[in-house]
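So the sequence shown is numbered by the working numbering: it starts at 1074 and just counts up by one. Ideal Cβ placement from N, Cα and C applies to all residues, glycine included.
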Amino acid sequence: MKTIAFIALLFTTFFLFSDAVQVQDGEHFFSAESVKILKHLLDSSSASQQKNPRVATTSYAAVCANPSLPQEFIPLCNQSGSSMVFSRLGEHQR
1074 MKTIAFIALL FTTFFLFSDA VQVQDGEHFF SAESVKILKH LLDSSSASQQ KNPRVATTSY
1134 AAVCANPSLP QEFIPLCNQS GSSMVFSRLG EHQR
């Protein structure tokens, strides 16, 4: 019984610490897991497109429209300058 309690405590501690990692960009804070998902969405949306500033703006709009985008990025999609934040966050994980 003590072993089960210890394992449960270990998993709970791991979960709390893994969820606590935050990535900051200016005044915006995002979980590290959400930034990983964002990077994956950015990579997949730009994989078939050339690296071009005009196309980059379109890919950010496509990422904002993607239902897989974590909810914490939705308010950012409605702000001006969001493409710069997305760009920096995408570069953060590389």
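For this session: Assign F1103 to buried or exposed, taking buried as 16 or more other Cβ atoms, counted over all protein chains shown, within 10 Å of its Cβ.
Result: buried
Exercise. Out of curiosity, what's the CA-to-CA distance linking E1100 and G1154?
Worked result: 13 Å
Exercise. Opposite D1098 in the DSSP bridges: which residues?
Worked result: H1101
Exercise. So the alpha helix (DSSP H) P1148 belongs to, where does it begin and stop?
Worked result: 1147-1150
Exercise. Any idea what DSSP makes of G1154, helix, strand or coil?
Worked result: coil
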